[in-house]
Structure formats: C-alpha cells, structure tokens
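One structure is given below, encoded as structure tokens.
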Amino acid sequence: MKQYEAVIKVMEENGGFATLGYLYEKALKVPGVKWKTKTPFASIRRIVQDNRFFFKIKPGLWALKTYKNKLPDEIISLTEEDKEIRKEGKFTHSYYQGMIVEIGNMNGFKTCVPPQDKNKKFLNKSLKELVTLEDIFKFTYEDIIQRVQSIDVFWFNERRFPSSIFEIEHTTDFKNALLKFLELQDFNVKMYIVSYKEREEEFLSKIELSAFKPIKEKTKFIDYERISQWHTKTYELMLTESKIIGAEL
255 MKQYEAVIKV MEENGGFATL GYLYEKALKV PGVKWKTKTP FASIRRIVQD NRFFFKIKPG
315 LWALKTYKNK LPDEIISLTE EDKEIRKEGK FTHSYYQGMI VEIGNMNGFK TCVPPQDKNK
375 KFLNKSLKEL VTLEDIFKFT YEDIIQRVQS IDVFWFNERR FPSSIFEIEH TTDFKNALLK
435 FLELQDFNVK MYIVSYKERE EEFLSKIELS AFKPIKEKTK FIDYERISQW HTKTYELMLT
495 ESKIIGAEL
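Note that the numbering used here has the sequence shown beginning at 255, numbered continuously upward.
The structure is reproduced here in structure tokens:
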C-alpha cells in the first residue's frame, strides 16, 4: 500500500474526513506501508494537499473528494459557515472548543466545557466525550463559580485551579467574555479570546478600555488558524515523545 492510500484508508474509516492530528496518529500505523522518511508528518501534510483526492474544510481539517456529498451535516455546515464570515458560527464554535479540549487533554490538563455545550459536536464526537471533567472544580467562592462556569473551555492544573481559559467569539461582542475573565483577575490563569483573524483589531480596542486593565496583560487574542496549528503541533509532539520513550523502553 502506498502512503497516500494509507491516508485515504484512515479517512474512509473515519467517515471521509480527519484532522491532521488524527491522520498523524492513525496513518502511520496502517500495516503494509513504509514511511521511509525522517519527517512522516510533513509527508502527510503534503499528501492531503493533493487535490486529486482531498479538499480542505478548515485549517487542519481535510476530507476526501469522493465523500464530498456524503459528509455529516455538521461537517458540511463548517464549510457553509466559512462562506459567510458574519454568519453565526454554531458548528465553528464547537469545532474549536473540541480542538482546545484535545490540546488541553494532550498537555495533561483536566478539561471542562459548560453544561449547555456538552452535547454539541466536535466532528463525529460530542464534547462530553472529550472532556475529562463533568463540571468545573469549586476552586473559589460559589458566586464567582456561578459567573464563570459558562466560559467555553477550562483547563485545570493538578491542584484543581484554572490554568487557562478560552472564550470563542465568532460574531458576538468581546465585552461579555472579558467581563467573565475579570472575575478571575486574582488567579494566575492565562486567558484567551479566540476568533477569526479579522477581529483582532476589535479585540485590541476592547482590551484597552480602563475597565479591563486588571486583565490586560493576562488576556491574549488567538485566531482560528493558530488554534489549528497548536492542535496539529501538539499531536506531533505527543507522538514523537511516545516514539522516543517507547524506543528507550
């Protein structure tokens, strides 16, 4: 079996689509394929750009052309939402929630999403299948917990304190997200606003308001493309470390 055929096989078994990270994990394990290269991840990235067989849905997410009319509704909706950037990004929102949860899981954090989001889809799984916590830890006063529990993604450290928090703001005003972040100004927590690149200037104007001075240095803007890159690179690192440790053992 050729390398590109292994990638096609993995995608077919996954419903006709896959993230780069998923391909890294599965394609290299397909029996009968020789990856005679020191850079197999780069080979997979090159393979999926062959437009005879594959097409790009979103950064880091690819599908088979033969499955274009057979993809699940939520995957098709991801492509539709990209055509109209101001459209409410229901599937885009849960897609990036899922990516952020997976990044947190791979880095050893406990992860959580709001109760109302647990049944939302990340590709072919619900978010509740990805997170490691049913609810956020009760790390502070109950009134603060009530005000922050709707934050899109929490990463908790081993001491059960929040390490990083993420709000995905596809079209909505950044103000509500920043007000939630303000509730955690006394904690050593990294805060991220996630949106498309074109909204970064809008974020910068909001974070400069005096009301948000206590969290200005803690809060960063990260666009969808960089989330995708972070997700892919985390998979690369995890699989490389696993290979090295396995070889040493």
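We treat Cβ as the ideally placed atom computed from N, Cα and C, and that holds for glycine.
Backbone secondary structure at residue i - three-state DSSP
i	result
P368	coil
I390	coil
I405	coil
L503	Low local confidence applies: a pLDDT of 35 at L503 is under 50, so the model's placement there is unreliable, and no value is given.
W484	helix
CB of residue i within 8 Å of CB of residue j, strictly
i	j	result
Y258	F307	yes
K198	L325	An answer regarding residue 198 cannot be provided, because it is not within the stretch 255 to 503 covered by the chain.
K460	F415	no
K434	V402	yes
I481	E437	no
T486	G314	yes
F376	L387	no
With 16 other Cβ atoms within 10 Å as the buried cut-off, status of residue i
i	result
Q351	buried
E421	buried
L458	exposed
G362	exposed
R453	buried
E423	buried
First and last residue of the uninterrupted beta strand (DSSP E) at residue i
i	result
S449	444 to 449
E515	This structure cannot settle anything about residue 515, because the visible part of the chain is limited to 255 through 503.
A317	315 to 318
Unbroken alpha helix (DSSP H) run spanning residue i, endpoints
i	result
T346	344 to 360
Okay, do the segment 267 to 284 and the segment 473 to 493 touch, 3+ Cβ pairs below 8 Å being the bar?
yes
Determine, using beta-carbon pairs with one atom in the segment 277 to 288 and one in the segment 488 to 495, whether at least three such pairs fall under 8 Å.
yes
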